[in-house]
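Student: Sharing a structure below in structure tokens format, with a few things to ask.
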Amino acid sequence: YQFAIRAGRASSLGFRSGSGPIWFRNLNCLGSERSIADCSIDTSRLYTANYYYHSHYYDAGVVCSTETIMARLVGGSQPNEGRVELYYNNAWGSVCSSSWDIREANVICKMLGYSFAKRAWGAGQFGEGSGTTSGYLPECSGTESSITECSHSGWGTSCS
Numbered sequence: 120y121q122f123a124i125r126a127g128r129a130s131s132l133g134f135r136s137g138s139g140p141i142w143f144r145n146l147n148c149l150g151s152e153r154s155i156a157d158c159s160i161d162t163s164r165l166y167t168a169n170y171y172y173h174s175h176y177y178d179a180g181v182v183c184s185t186e187t188i189m190a191r192l193v194g195g196s197q198p199n200e201g202r203v204e205l206y207y208n209n210a211w212g213s214v215c216s217s218s219w220d221i222r223e224a225n226v227i228c229k230m231l232g233y234s235f236a237k238r239a240w241g242a243g244q245f246g247e248g249s250g251t252t253s254g255y256l257p258e259c260s261g262t263e264s265s266i267t268e269c270s271h272s273g274w275g276t277s278c279s
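Quick note on the working numbering: the sequence shown kicks off at 120 and runs consecutively.
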């Protein structure tokens, strides 16, 4: 799965509490980690006497998206350049260039197997898309491995 669509206490998401050992407490993830083992653990609060931290009351839960997000470059003279399009909800759509810069371009390049972006083009440099505009306005730090890890305004929002 590429990203979570809901997260929180397992019981608040409609799941039953777990049983057995609690392997992680006070886990802190940024969202760019490749594995949960890469997240930091706040050990200053690890041994609390609070009942809730020793029970399964705060078991974590998540609902992962089953959508596949793919990226492609269209309209360039070489395979490593072009207008960015994302495949979401069974359709290809262009990405808004309103806040587009080298950080978002680096993430798309990584998704496509390139090391980094040389330049971030905007404003229709490679022509306007003919399909639906996804209205996806990502804001990335540049370290993410997928555009889905970036914060965004949601799918289908206006590009203006």
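For every residue, glycine included, the Cβ atom is placed at its ideal position computed from N, Cα and C.
Values in this document were obtained by computation on a predicted structure and should not be read as measured data.
Return the chain-ordered list of same chain residues with a C-beta closer than 6 Å to the C-beta of ILE141, the five sequence neighbours on each side being excluded.
Tutor: Nothing listed; no residue qualifies.
Student: Distance, Cα to Cα, THR167 vs SER174?
Tutor: Low local confidence applies: a pLDDT of 48 at THR167 is under 50, so the model's placement there is unreliable, with the coordinate-based value given in what follows. So the alpha carbons of these two residues sit roughly 12 Å apart.
Student: Between which two residues does the beta strand (DSSP E) carrying GLU200 extend?
Tutor: No beta strand (DSSP E) holds GLU200; DSSP gives it neither H nor E.
Student: Output the distance between the C-alpha atoms of ALA210 and ILE155, rounded to the nearest integer angstrom.
Tutor: For ALA210 and ILE155, the distance between alpha carbons rounds to 31 Å.
Student: Is the distance from the Cβ of PHE245 to the Cβ of GLY201 below 8 Å?
Tutor: yes
Student: Rounding to the nearest angstrom, what Cα-Cα distance links TRP240 and ASP220 in this structure?
Tutor: Rounded to whole angstroms, TRP240 to ASP220 spans 8 Å at the Cα level.
Student: I need the straight-line Cα distance from PHE134 to CYS183, nearest angstrom please.
Tutor: 14 Å
Student: May I have the straight-line CA-CA distance separating GLU268 from CYS259, to the nearest angstrom?
Tutor: 8 Å
Student: Give me the Cα-Cα distance between SER131 and GLY180, rounded to the nearest whole angstrom.
Tutor: Computed Cα separation, rounded: 8 Å.
Student: How would you call TYR176, buried or exposed, if buried means at least 16 neighbouring beta carbons within 10 angstroms?
Tutor: exposed
Student: In terms of residue numbering, what span does the beta strand (DSSP E) encompassing CYS228 cover?
Tutor: Here CYS228 belongs to no beta strand (DSSP E); instead the alpha helix (DSSP H) covers 221-230.
Student: With DSSP collapsed to three states, give me the class of LEU149.
Tutor: Per DSSP, reduced to three states, the secondary structure at LEU149 is coil, with no helix or strand assignment.
Student: Excluding five sequence neighbours on each side, which residues of the same chain lie with their C-beta closer than 6 Å to the C-beta of SER100?
Tutor: Only positions 120 to 279 of the chain appear in this structure, which leaves residue 100 out of reach.
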